[in-house]
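Chemist: Let me begin by handing over the structure; questions about it come next.
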Amino acid sequence: MIYTFLTVHRPAPARMAAALAGAVGVPASDVDVADEDADPAGRNWDAPVLCGYRELLGDVALSWDVYVSDDAVPGAPDEPAAARRVAAATGTTVLYPATDVPNPSAYWAATPAGTTTRARLYASDDEEPVHTVDAVEAPVPHLPDARVELLPEVYRAQRIPVPATEAVTAALGPDGTAPEEGGAGRARDALLLWERLVRRMAAGWEPAGRYPLDLYLEDLLTRDDLAGQLATLPPRLGEPLARAAEELDGLFRAHTRDDGGELLGRLTHSGTAVLDRAWWWHRRPVRLPWT
Numbered sequence: 000m001i002y003t004f005l006t007v008h009r010p011a012p013a014r015m016a017a018a019l020a021g022a023v024g025v026p027a028s029d030v031d032v033a034d035e036d037a038d039p040a041g042r043n044w045d046a047p048v049l050c051g052y053r054e055l056l057g058d059v060a061l062s063w064d065v066y067v068s069d070d071a072v073p074g075a076p077d078e079p080a081a082a083r084r085v086a087a088a089t090g091t092t093v094l095y096p097a098t099d100v101p102n103p104s105a106y107w108a109a110t111p112a113g114t115t116t117r118a119r120l121y122a123s124d125d126e127e128p129v130h131t132v133d134a135v136e137a138p139v140p141h142l143p144d145a146r147v148e149l150l151p152e153v154y155r156a157q158r159i160p161v162p163a164t165e166a167v168t169a170a171l172g173p174d175g176t177a178p179e180e181g182g183a184g185r186a187r188d189a190l191l192l193w194e195r196l197v198r199r200m201a202a203g204w205e206p207a208g209r210y211p212l213d214l215y216l217e218d219l220l221t222r223d224d225l226a227g228q229l230a231t232l233p234p235r236l237g238e239p240l241a242r243a244a245e246e247l248d249g250l251f252r253a254h255t256r257d258d259g260g261e262l263l264g265r266l267t268h269s270g271t272a273v274l275d276r277a278w279w280w281h282r283r284p285v286r287l288p289w290t
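Written out as structure tokens, the structure is:
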């Protein structure tokens, strides 16, 4: 088992060892903690738990590279559980990579209080990088300068079933050569994004239960683009796409209500001008997924 932790504070090595021992369930004597630049001859390389640390600049003060022997510690917790235990034991916030998002800035932040939230972490290009926690999805007391907002990159990376788009793709290219370029390809891509929104909405905004307003507005613009593409396509290409769009529009209507564009007019600062846009701009989700 390998853990990659970043901590907001710099616990003493003895406290780090005690925290790791408690996290994985071994005696503190089975944990070796040392500065990565220290003389390797002084390390206990036979210890079941090895931790090399180094100091950082910015919002995170220390990085921990932890190796736990699977043979010596077969019941070691996964990285999220270990991070929560280390945070509680050290009294500092622990960040660890969010492996479900293919973005190097994507992290989770575990607090001593037991809460966990997503975080965005940037490192500068300086010779000695400065680390900045740019945003978090819930307040973290140890990171008071981080903005609190939903992180769009998280929701873009989530896997959402798109059966309608898959069916259209198969219909347009039964020989496996569905159009990738031109109006049909662009319409299919817009349909996919529209379906991702509608399926999320129909599932109660799963898997996260939330969705950023900025992405919601992007999705409505995508529906605008889909309408424009459908108007230019020949029937052979346009009809399968139009049927799929009609099916998804029905789901969208079922999980929204017409408010005369009041909500989106206010949120986009366009007021009653939103009524000049397509009908999907005149409706609001039955349950708003953003704060």
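Residue numbers are given in numbering that gives the first Met the number 0: position 176 of the sequence shown equals residue 175, and the series is strictly consecutive.
A virtual CB, placed ideally from N, CA and C, is assigned to each residue, including glycine.
Can you tell me which of 10, 66, 282 and 26 puts its alpha carbon nearest to the alpha carbon of residue 307?
Modeler: Outside the displayed span of the chain (0 to 290) sits residue 307, for which this structure offers no information.
Chemist: Helix or strand or just coil, what does DSSP make of residue 104?
Modeler: Residue 104: coil per DSSP, three-state reduction.
Chemist: I think residue 93 touches residue 6, with their Cβ atoms under 8 angstroms apart; what is that distance to the nearest whole Å?
Modeler: 6 angstroms
Chemist: Residue 124 to residue 30, Cα distance in whole Å?
Modeler: Here the C-alpha atom of residue 124 lies approximately 33 angstroms from the C-alpha atom of residue 30.
Chemist: If the criterion is Cβ atoms closer than 7 angstroms, does the pair residue 161 and residue 194 meet it?
Modeler: yes
Chemist: Which residue's Cα is closest to the Cα of residue 240: 223, 211 and 166?
Modeler: 166
Chemist: Counting only runs that start and end within the region 139–214, where is the alpha helix (DSSP H) found for 4 or more residues in a row?
Modeler: 151–156, 162–171 and 181–201
Chemist: Would you mind reading off the limits of the beta strand (DSSP E) that contains residue 54?
Modeler: 48–54
Chemist: Between residue 105 and the rest of its own chain, which residues show a CB-CB distance below 6 angstroms, the 5 nearest in sequence each way excluded?
Modeler: 97
Chemist: To which residues of the same chain is residue 52 closer than 8 angstroms at the C-beta, ignoring the five residues directly before and after it?
Modeler: 12, 15, 32, 33, 34, 35, 61, 62, 63 and 64
Chemist: Report the residue from 254, 234 and 129 whose alpha carbon sits nearest the alpha carbon of residue 58.
Modeler: 129
Chemist: Taking C-beta to C-beta, are residue 91 and residue 8 nearer than 7 angstroms?
Modeler: yes
Chemist: Which of the three DSSP states is assigned to residue 81 in this structure?
Modeler: helix
Chemist: Exposed or buried, which one is residue 37 when buried takes at least 16 other CB atoms within 10 Å?
Modeler: exposed
Chemist: In angstroms with no decimal places, state the Cα-to-Cα distance between residue 230 and residue 217.
Modeler: 20 angstroms
Chemist: How would you call residue 164, buried or exposed, if buried means at least 16 neighbouring beta carbons within 10 angstroms?
Modeler: Residue burial annotation: residue 164 is buried, with at least 16 other C-beta atoms found within 10 angstroms of its C-beta.
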